[in-house]
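Engineer: According to my numbering, the sequence shown is numbered sequentially starting from 56.
Quick one: structure below, then a few questions.
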Amino acid sequence: MIRALLRAPASPAEIFADALRVLAAISIIVAGIGWGPQGALSLAATFGVMLFPRLLGLPPAFDIIFCVATLAASWSSVTDLYLTVRWWDLPMHFLTNGIWAALLYVALVRFEVIADAATLPRPLLSAAVMTTALGLSIAVFWELFEWFSHTFIDSEVFVGYRDSIGDMAVGGLGSLLAGLSMRMLLGRERVVEEKASPEAIG
56 MIRALLRAPA SPAEIFADAL RVLAAISIIV AGIGWGPQGA LSLAATFGVM
106 LFPRLLGLPP AFDIIFCVAT LAASWSSVTD LYLTVRWWDL PMHFLTNGIW
156 AALLYVALVR FEVIADAATL PRPLLSAAVM TTALGLSIAV FWELFEWFSH
206 TFIDSEVFVG YRDSIGDMAV GGLGSLLAGL SMRMLLGRER VVEEKASPEA
256 IG
């Protein structure tokens, strides 16, 4: 995985994904100057998270979507966009929950914690179920983090029953869509077909 992180980009799409990571690194300084240490810490965590698609060697298209969504979500939080535009958190939860669940699914498969859906009789259904479950788990932990932040760090962090349930529901839908789109997101159609074919099984 370290080799995947350190290797030079091999296509314009990979260069663009790396440029997004550079933008995230620059954003740490910008957020620190404009929004203080908390903003800088948030963008530093974002930069770290944006390294994972490259570490796992995921396709550039997924890498770009992941980086754009994660960076947008972080800046939305730092600039209080979620408070000024109340509906904005729903599409962000839908998108980020889905791609984070897909990333977590791949990571767990790579470390052999869960089975690769491509090796199972119903790969599409298996990937959708597992990714949705992971996405809902992420959504729950995120709402717990928001409650913790509101209670112990910043009382301006918005929490509420309807907000939490809505965020989790939308995040679950995004994760379901990511699971159904897993082969397209990760470019694994040929692998799944080969492993699931009768010839491969025989």
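We treat Cβ as the ideally placed atom computed from N, Cα and C, and that holds for glycine.
Give me the Cα-Cα distance between S204 and G215, rounded to the nearest whole angstrom.
Structural biologist: Indexing the sequence shown from 1 puts residue 204 at position 149. Indexing the sequence shown from 1 puts residue 215 at position 160. Going by the C-alpha atoms only, they are around 13 Å apart.
Engineer: Where L136 and A128 are concerned, what is the direct C-alpha to C-alpha distance, given to the nearest angstrom?
Structural biologist: For the purposes of this step, residue 136 is taken as residue 81 along the sequence shown, with counting starting at 1. For the purposes of this step, residue 128 is taken as residue 73 along the sequence shown, with counting starting at 1. Computed Cα separation, rounded: 9 Å.
Engineer: Around the C-beta of P67, are 16 or more other C-beta atoms found within 10 angstroms, so that it is buried, or is it exposed?
Structural biologist: Counting from 1 along the sequence shown, the entry for residue 67 is found at position 12. Under this definition P67 is an exposed residue.
Engineer: Quick check on DSSP: helix, strand or coil for F166?
Structural biologist: As a position in the sequence shown, residue 166 is number 111, starting the count at 1. It is coil, neither helix nor strand.
Engineer: Secondary structure at A65, three-state DSSP: helix, strand or coil?
Structural biologist: Here residue 65 corresponds to residue number 10 of the sequence shown, with the count starting at 1. Three-state DSSP puts A65 in coil, outside helix and strand.
Engineer: Where do the N-terminal and C-terminal ends of the alpha helix (DSSP H) with T174 fall, by residue?
Structural biologist: Indexing the sequence shown from 1 puts residue 174 at position 119. Looking at the DSSP string, T174 is not in any alpha helix (DSSP H), and its letter there is neither H nor E.
Engineer: Use the C-beta contact count for T139: other C-beta atoms within 10 angstroms, 16 or more gives buried, fewer gives exposed.
Structural biologist: As a working mapping, residue 139 is identified with position 84 in the sequence shown. By the neighbour-count rule (16 or more Cβ atoms within 10 Å), T139 is not buried but exposed.
Engineer: Is the CB-CB distance between A194 and M237 below 8 Å?
Structural biologist: As a position in the sequence shown, residue 194 is number 139, starting the count at 1. As a position in the sequence shown, residue 237 is number 182, starting the count at 1. It is not a contact, given that the beta carbons lie outside the stated cut-off.
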